[in-house]
Amino acid sequence: MTASEALKIVAECGLNIEGTAHDEVMIQIKSALEKQIPKKPVIEKGQKIFYIQCGSCPECKGRVYSSANCFCHKCGQAIDWSDDNA
Ligand SMILES: [Zn+2]
62 MTASEALKIV AECGLNIEGT AHDEVMIQIK SALEKQIPKK PVIEKGQKIF YIQCGSCPEC
122 KGRVYSSANC FCHKCGQAID WSDDNA
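In this text, residue positions in the sequence shown follow our numbering: the first is 62, and each later residue adds one.
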């Protein structure tokens, strides 16, 4: 099951938990799942150093590098570098 599919199921649950501790937990679960769905980094001009692409995390604006890994080291957001390696 992908994070997107899990999020859809969580949304479909329709539990009436607003204002309860369960609601807090659900918010954290949703946030964690959303971060697993890769997002495109914010690329500014002149940020390409040799073959390494760098940019900013779309969530926390932290610096991310294509050579490092597929997650922002600051907030854990998955980063999608596809099509940017040309
Ligand atoms: Zn981040």
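All C-beta atoms in this analysis are idealised placements derived from N, C-alpha and C, irrespective of residue type, glycine included. Fair warning: this is a prediction, and the values are worked out from it, not measured in the lab.
With a threshold of 16 other CB atoms inside 10 Å of the CB of residue i, please say whether the residue is buried or exposed.
i, result
"I140", "buried"
"G116", "buried"
"Q89", "exposed"
"C118", "buried"
"Q133", "According to the sequence displayed, residue 133 carries Cys and not Gln. Result: buried."
Where DSSP assigns a beta bridge to residue i, which residues make up the other side?
i, result
"Q125", "For clarity, residue 125 is Val in the given sequence; the question names Gln instead. V125 pairs with G116."
"K100", "I140"
Going by Cα to Cα distance, which pick from the options is closest to residue i?
i, options, result
"K69", "E79, H83, M87", "M87"
"A67", "K96, E105, A82", "K96"
"A93", "G80, G137, Y126", "G137"
"E73", "E105, A82, K91", "K91"
What does a CB cutoff of less than 8 Å around residue i pick up in its chain, not counting 5 residues either side in sequence?
i, result
"K122", "V103"
"D154", "Here the chain covers residues 62 to 147 and nothing more, so residue 154 does not appear."
"K135", "C118, C121, G123"
Ignore the nearest five residues each way along the sequence and tell me which others in residue i's own chain have a CB closer than 7 Å to its CB.
i, result
"S65", "I98"
"K101", "P119, D141"
Only counting the same chain, and skipping five residues up and downstream in sequence, which positions put a Cβ closer than 6 Å to that of residue i?
i, result
"M62", "none"
### Task
Could you name the residues whose beta carbon sits closer than 6 Å to any heavy atom belonging to ligand 2, keeping them in chain order?
Absence of ligand 2 is noted for the structure shown, with ligand 1 being the only ligands found.
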